[in-house]
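In UniProt numbering, the protein residues as written are 1 to 142. Quick notes on the structure that follows.
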Amino acid sequence: MTATSPPPVRHTETLSRQEALQLLKGAPLGRLVFSHRALPAVRPVNHVLLDDRIVIRVHSGAALLGPARAGAVVAYEADEFDPERRTGWSVVVTGEARLVEDPALQQRYRAALEPWIGGEMAHTVGISLDLVTGYRIGAAGE
1 MTATSPPPVR HTETLSRQEA LQLLKGAPLG RLVFSHRALP AVRPVNHVLL
51 DDRIVIRVHS GAALLGPARA GAVVAYEADE FDPERRTGWS VVVTGEARLV
101 EDPALQQRYR AALEPWIGGE MAHTVGISLD LVTGYRIGAA GE
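Here it is as structure tokens:
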């Protein structure tokens, strides 16, 4: 594409649940969306997809702890875009956030997920995969 040529025509494709989860599984980072003090909060976090849930780790002062203790409904979004080609995908999972209390599961999840930020990540949170949606933006004919 040059500065004088028009951008190629793009289309949006709805992903199946399986396709969306496969893309999410390969994504290194996502955005957790939850309610904090009656306002929307968004946090970038790394995750792992295990046992039909998104697993993240949080520190003891994390704003998510209260909602996770209450089983609040949250959203988790991951994406990847290529600005040059104007293509990409986005996956959103909506589900309940719950603290993982089982010691064996905590150990398993901690072994599978190394947080990107430093500090003691004392808590593990699982997000159920209740509603999974995804879209891909691609060139016409792809």
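C-beta: ideal position from N, C-alpha, C; glycine also.
Review point. In the DSSP assignment, what residue or residues form a beta bridge with H36?
Key: L39
**Study point:** Residue span of the alpha helix (DSSP H) that contains L50, given as start and end
**Key:** Element bounds for L50: not the alpha helix (DSSP H) but the beta strand (DSSP E), 48 to 50.
Check your understanding: Given L49, which residues of its chain have a CB within under 8 Å of its CB, disregarding the five upstream and five downstream residues?
Key -> L21, L24, K25, V55
Exercise for review: Round the Cβ separation of R43 and R31 to the nearest angstrom and send it over; I've been treating them as touching at under 8 Å.
Suggested key: 7 Å
Review point. Which residues mark the beginning and the end of the beta strand (DSSP E) in which residue 143 is found?
Key: Here the chain comprises residues numbered 1 to 142, so residue 143 is not present and cannot be evaluated.
Review point. In this structure, what does DSSP give as the bridge partners for L99?
Key: V125
Point to revise | Within 8 Å, strictly: CB atoms of L29 and A78 | key: yes
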